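Chemist:
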Amino acid sequence: MSRDVFTQSDLAQILAHGMTPEKVISQIDIFKKGIPFTKILRPCTINDGITALDSKETDHYIGVLDDARKQGRCMKFVPASGAASRMFKYLLETCNELRGLNDPETMLSDDRCKPLLLFINGLEKYAFYDDLKKIIKQNGEDPDVVLKAPGVNRMLEYLLS
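Here the sequence shown stands for residues 18 to 178, numbered as in our numbering.
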């Protein structure tokens, strides 16, 4: 993949995040190739991968959490299972491969689109659905129009950015 795939807007956003096009391409390659599974030697136990906190340390970290919460710096953490990475890997590849495909009949007859159509049909069931709608609305667009429009370009752009 070369840096020619990025628009001027993409490049500006990449630089604004302190990244380089090469670093972004490297990260996309990780999605494409995947990461080899880690070879696990043994399960973690206390003092071997797990740090046990005494009551003083526990109180300290509860205070740290409370301070962060009061400052609005807390968010829900959902650990990655690997399934999400695999799902988004497919979506990234699909977004690039099927860019510009907007005809519903063509999409229904194109085998490459079947997993994508299954994903789109179940979109409302995903935990991020309400957040996706909120972001679309914050950008001045109608979520129902973007999410129900023929083709998938706008929806995927929001989802993958």
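Cβ coordinates follow ideal geometry from the N, Cα and C atoms, glycine included.
This structure is a prediction, so every number in the text was calculated from the model and none was measured.
State yes or no: is the C-beta of Ile-52 within less than 8 Å of the C-beta of Val-41?
Modeler: Going by C-beta atoms, Ile-52 is not nearer than 8 Å to Val-41.
Chemist: Going by other Cβ atoms of all chains shown within 10 Å of its Cβ, with 16 needed for buried, is Thr-111 buried or exposed?
Modeler: So Thr-111 ends up on the buried side.
Chemist: Take Arg-103 as the anchor and find which of Val-163, Ser-19, Lys-49 and Leu-28 has the nearest alpha-carbon.
Modeler: Looking at the Cα atoms, Lys-49 is the closest of the given residues.
Chemist: Under 8 Å between the Cβ atoms of Leu-133 and Leu-176?
Modeler: No; because the gap between Cβ atoms is not below 8 Å, this pair is not in contact.
Chemist: Tell me which residue opens and which closes the alpha helix (DSSP H) that Pro-132 is part of.
Modeler: Per DSSP, Pro-132 belongs to the alpha helix (DSSP H) from 131 to 138.
Chemist: Can you tell me whether DSSP reads Gly-51 as helix, strand or coil?
Modeler: In the structure shown, Gly-51 sits in coil (DSSP, three-state: anything other than H, G, I, E or B).
Chemist: Taking the DSSP output, what are the residues bridged to Gly-157?
Modeler: In DSSP, Gly-157 forms no bridge with anything.
Chemist: One question on the structure: do Leu-108 and Ile-45 come within less than 8 Å of each other, judged by their Cβ atoms?
Modeler: No, they are not a contact pair.
Chemist: Which residue comes first and which comes last in the alpha helix (DSSP H) that contains Glu-74?
Modeler: Element bounds for Glu-74: 72 to 87.
Chemist: Is it buried or exposed for Ile-153, if we count other Cβ within 10 angstroms and need 16 for buried?
Modeler: With 16 or more Cβ atoms within 10 Å of its Cβ, Ile-153 is classed as buried.
Chemist: Does DSSP put Asp-65 in a helix, a strand or coil?
Modeler: It is a strand residue.
Chemist: Span of the alpha helix (DSSP H) holding Asp-127?
Modeler: Note, Asp-127: premise wrong, no alpha helix (DSSP H); not H, not E.
Chemist: Could you give the distance in angstroms between the alpha-carbon of Met-36 and the alpha-carbon of Val-22?
Modeler: Between Met-36 and Val-22, the C-alpha separation is close to 16 Å.
Chemist: Output needed for Phe-105: all residues of its chain with C-beta closer than 8 Å, excluding positions within five of it in sequence on either side, in chain order.
Modeler: Phe-48 and Leu-177.
Chemist: Taking Cβ positions, are Arg-129 and Glu-114 nearer each other than 8 Å?
Modeler: Yes, these two residues count as a Cβ contact at 8 Å.
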